[in-house]
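Visitor: The following block contains the structure, expressed as structure tokens.
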Amino acid sequence: MAKNKPTKPLITEDHEPEVEIRQDAGKGKSPPESERVKIPPVLAVLPVRNLVIFPGTIVPLAIGREKSRRLISEVLPGEKIIAVVCQKDAETEDPVPDDLYACGTAVMVLKVLRTEDGNQSLIVHGLARLKIDEWTAREPYLEARATPLTDVIEETTETKALMVNV
């Protein structure tokens with residue numbers, strides 16, 4: 139018996155981006171309304187070093203910077219979806235928008251772990267790729283208006299043949 143594993147969410151075409159977390163991908167079923175997740179148009183942005191999170195993956199993140207800790211303490215009690223964007227240079231200690239790539243990932247925070255010595259970690263689930271359209275805040279942490287990106291699959295003779303063989 140196969141275990142349910144997180145799969146790549148699907149983005150619907152509503153006015154507000156909505157992601158479906160599919161446990162039954164490829165079986166022709168739609169998930170119940172309760173499993174759909176709306177991605178807010180403005181998200182708190184967590185800069186990360188040397189890491190790209192892909193939709194459908196579950197990743198632990200170590201939190202060290204003061205701005206990142208502030209983001210966790212102020213945003214996460216209410217909002218569980220944030221954006222994670224990779225820095226261009228891992229050596230930059232206090233990244234600003236120009237230090238980050240223009241694309242990132244909307245993630246759902248599954249768990250916040252705090253240790254006795256003050257360290258924090260997050261367990262996040264990648265929901266959808268994002269394009270940063272506009273930076274809306276730099277303090278006390280980064281915020282941006284972002285648009286979810288959809289995968290465009292061109293149906294050519296070659297892709298149809300590959301799908302038949304799968």
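Numbering (our numbering), first residue to last: 139 to 304. Glycine residues also receive a C-beta, built at the ideal position from the N, C-alpha and C atoms.
Quick one: what does DSSP say L189 is sitting in, helix, strand or coil?
Guide: coil
Visitor: So what does DSSP say about A299, is it helix, strand or coil?
Guide: Residue state, collapsed to three classes: helix.
Visitor: Using 8 Å as the cut-off, can you tell me whether the segment 243-262 makes contact with the segment 202-219, which would need three or more C-beta pairs spanning the two stretches below that distance?
Guide: In this structure the segment 243-262 lies against the segment 202-219, because at least three pairs of beta carbons, one per stretch, are closer than 8 Å.
Visitor: Where are the beta strand (DSSP E) runs, 3 residues long or more, that stay fully inside the segment 171-234, in chain order?
Guide: If only complete runs of 3 or more residues are kept, the segment 171-234 shows the beta strand (DSSP E) at 174-176, 180-186, 196-201 and 219-224, in order along the chain.
Visitor: Using the three-state DSSP reduction, which class does D271 fall into: helix, strand or coil?
Guide: strand
Visitor: Is the beta carbon of A200 less than 7 Å from the beta carbon of E281?
Guide: Not closer than 7 Å, so no.
Visitor: Taking the alpha carbon of Y279 as the point to measure from, which residue in L265, P179, R203 and P193 has its own alpha carbon closest?
Guide: R203
Visitor: The beta strand (DSSP E) that contains A282, what's its start and end?
Guide: E281 to P286
Visitor: Around the C-beta of V302, are 16 or more other C-beta atoms found within 10 angstroms, so that it is buried, or is it exposed?
Guide: exposed
Visitor: Please report the distance separating the alpha-carbon of T288 from that of P233.
Guide: 27 Å
Visitor: Using 10 angstroms around the beta-carbon of R276, count the other beta-carbons present and answer buried if the total reaches 16, otherwise exposed.
Guide: exposed
Visitor: State yes or no: is the C-beta of A221 within less than 7 Å of the C-beta of L268?
Guide: yes
Visitor: Based on Cα-Cα distance, which residue from E217, K205, V223 and K176 lies nearest to F192?
Guide: The alpha carbon of F192 has as its nearest neighbour, out of E217, K205, V223 and K176, the alpha carbon of V223.
Visitor: Between E293, M246 and L184, which has its C-alpha nearest H263's C-alpha?
Guide: Of the candidates E293, M246 and L184, the one whose C-alpha sits nearest the C-alpha of H263 is M246.
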